[in-house]
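A short write-up of the structure that comes next.
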Amino acid sequence: MRVRFAPSPTGTLHVGSARTALYNYLFARHTGGRFVLRIDDTDTARSDAALESAIMADLRWLGLDWEEGPDVGGPSGPYHQKERLKLYRGAAGELLDSGLAYRCFCPEERLEKLRREALVGGRPARYDRRCLGLAPDEVRRRLAAGEPAAIRFKVPEGDVVIIDLIRGPVTIGGDALSDPIIVRSDGVAGYNFATVADDLAMGITHVIRGDDHLTNTARQQLLFEALGGPVPQFAHHSMVLGPDGGKLSKRHGASAVGDYRELGYLPQAIVNYLALLGWSHGEEEVLGMPRLIAEFELEKLSPSPAVFDLPKLDWLDHEHIMALALEEHERRFAERLPLGTPPPAAAALAAAYQSSLVRYGAAPELAAAVLEPPLPPPELSAALLPAAEQLTRVRELRAEAPEWLTPAGARELLAAYRSWGKELGIGARDLLMPLRIALTGAEHGPELPFVLAALHRGVALARLDLALIGNRAGEPPTTPGDRS
RNA sequence: GCCCCCAUCGUCUAGCGGCCUAGGACACCGGCCUUUCAAGCCGGCGGCACGGAUUCGAAUUCCGUUGGGGGCACCA
């Protein structure tokens, strides 16, 4: 089994394309076949080397690696189409010689006009084959005169039946297929032809791509046959749609793999989500790459389009975060925090949020709420008024403890504080809520042990003092004090 | 306009003629847990697009309608 993913470096890696790459990858891994990366850069004007490396970086980031490709080489290279132009010219020459292809001198304006007329007349838009009947002599003469000419494939009569592994036989009416241009007038092969010549030369056995290629596949199947090669097996998966039901694109917001990386999603979550989008799985949904490989089958892919649902991606990301080893989670959390965040603080906050974090992109905001909290609003400061005794006690405890507390140490401190409060008959809420407000300026936030562990002793004491000052004055504090 | 593909809860899906009073997951709503918010746990709401046909029996097969998507380039 040999499959390929063939992006054109004219844009970044879209999640829809990433899904195609993933399905090819999973198929190769599941069957023990080979995954080939080929760069379809015959559109020389729009292709960009920087985009090409960005695409490869995104694929690797997702964990999709290839046995053969432009950077790793392989027996079927080169893996850039622009380095394979000679192959295409040779193949086109063969088709020309055998009468399966012909030169076309029609200027684009004429083709454009033809298209418009067909549309208005309610007919399928197809080339009228004006140049098919040109006498060989005339073709030679015009060529010799330097007139630009493209090469068209002469589509044979009759319907084309594609045997699709996902949707069964698909019949494309022959009269819907226009003679495709296989070599442009600038001498560079077009997509449909280069793809077929390469798939043949590279021994591709299964072509897995989006169903937007279905009509291309009809042409390409004919081309495979014309070139005398084996026709690969085809599988056309469905498209990814945006929330509004249209093809997912930039206008829906984040649609590139890189967007999601920057937003702080885990690659394994994206892979998991993309795999699930449009394929039938068992009751289990949180799956890592090994499971996906083990359970992937082309036949299980759904033929119907799937809407990209961000909340479900969020949930999967959350699941994969919880599955991470603590050290890795801490590392990922900490690297999102501002430079200079004290390591004990970063560790405590990471620990605080491993069970509830949705994506790492949220880390800075969550950390800031503890490390650089807002001043409590007047009504919360007022809530501290009756709590002077508690705040004084917890200040004493904190002052006696080390500069940095571990979450476990903080838990012990709080246990001591709570048993003190219990003896005085103070309820848990009256004990802990004033402390939370004094420390974070808010009623909501992570569990208190982590808050205490995230704050240096000096900072914690300063905040408690501030609360006590405001308390004594019966008013919100006027001096902000040390809030670092 | 022409051609192709698709059609089960809001979303992703299970279902491949009787096991379906249609199952699961996300989202949503409620409860529990809890110093708080989350998370977690438990429960609830919610769907076979419509019309014919085949059959003892249809979510499942066939036809049509409607709806959605895609393609119709000297882009890929």
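Residue numbers (this note's numbering): 9 to 492.
All C-beta atoms, glycine included, are put in the ideal place defined by N, C-alpha and C.
In this text the structure is predicted, and so the values were computed from the model without any measurement.
Assigned secondary structure, residue i (DSSP; H/G/I helix, E/B strand, else coil)
| i | result |
| --- | --- |
| E305 | coil |
| W412 | coil |
| T50 | coil |
| C139 | helix |
| Y31 | helix |
| I63 | helix |
| V191 | strand |
| E329 | As written in the sequence, residue 329 is Ile, which differs from the Glu given in the question. In this structure, I329 counts as helix in the three-state DSSP scheme. |
| V279 | helix |
| A450 | coil |
| P132 | coil |
| F113 | coil |
| P15 | coil |
| V196 | coil |
| T39 | helix |
| V294 | coil |
| I180 | strand |
| R344 | coil |
| H88 | strand |
| V366 | coil |
| A153 | coil |
| I434 | coil |
| T349 | coil |
Sequence-distant residues of the same chain with beta carbon closer than 6 Å to residue i, five excluded per side
| i | result |
| --- | --- |
| A14 | R46 and D48 |
| L70 | P275 and V279 |
| Y135 | S186 and D187 |
| H260 | G250 |
Residues bridged to residue i (per DSSP)
| i | result |
| --- | --- |
| F5 | There is no way to answer for residue 5, as the model of the chain reaches only from 9 to 492. |
| E76 | V44 |
| L422 | None, per the DSSP bridge assignment. |
| G81 | G77 |
| K255 | L249 |
| H22 | A264 |
| F161 | A109 |
| W287 | L309 |
| V315 | L249 |
| R10 | R42 |
Cutoff 8 Å; reference residue i; Cβ partners in own chain excluding five residues on either side
| i | result |
| --- | --- |
| T28 | F13, I216, R217, G218 and H245 |
| L127 | A133 |
| L439 | Q398, Y425, R426 and G429 |
| V239 | Q229, F232 and E233 |
| G482 | Since pLDDT at G482 reaches only 45, below the 50 mark, its modelled position is unreliable, and no value is offered. |
Exposure of residue i, with buried meaning 16 or more beta-carbon neighbours within 10 Å
| i | result |
| --- | --- |
| E60 | buried |
| T203 | buried |
| A436 | exposed |
| R149 | exposed |
| V168 | buried |
| T50 | buried |
| A503 | An answer regarding residue 503 cannot be provided, because it is not within the stretch 9 to 492 covered by the chain. |
| G489 | At G489, the pLDDT of 40 sits below 50, so the modelled position is not reliable and the matter cannot be decided from this model. |
| T225 | buried |
| L421 | buried |
Cβ-based neighbour list, residue i, same chain, cut-off 7 Å, excluding 5 preceding and 5 following
| i | result |
| --- | --- |
| H22 | S263 and A264 |
| G453 | A377, V378, R444 and V459 |
| E293 | L284 |
| W287 | K308, L309 and S310 |
| D325 | Y273, L274, A277, V366 and R367 |
| L95 | A205 and A209 |
Given 8 Å as the limit, is there contact between the region 266-281 and the region 201-221, that is, 3 or more CB pairs closer than that?
no
How do the region 453-471 and the region 402-422 stand: do at least 3 beta-carbon pairs fall below 8 Å, yes or no?
yes
Is the region 156-163 close to the region 186-195, with three or more CB pairs under 8 Å?
yes
Does the region 225-240 touch the region 161-174, meaning 3 or more C-beta pairs lie closer than 8 Å?
yes
Specify whether the region 377-389 and the region 324-341 touch according to this definition: at least 3 beta carbon pairs, one from each stretch, less than 8 Å apart.
no
Taking 8 Å as the cut-off, does the region 165-174 touch the region 292-311 (at least 3 CB pairs, one atom from each stretch)?
yes
Three or more C-beta pairs below 8 Å linking the region 420-430 and the region 324-333
The region 420-430 vs the region 324-333: no contact.
Three or more beta-carbon pairs under 8 Å between the region 385-402 and the region 361-369, yes or no?
no
For the structure I just gave you, are there three or more beta carbon pairs, one from the region 33-45 and one from the region 63-79, closer than 8 Å?
Taking 8 Å as the limit for Cβ pairs, the verdict is that the region 63-79 does touch the region 33-45.
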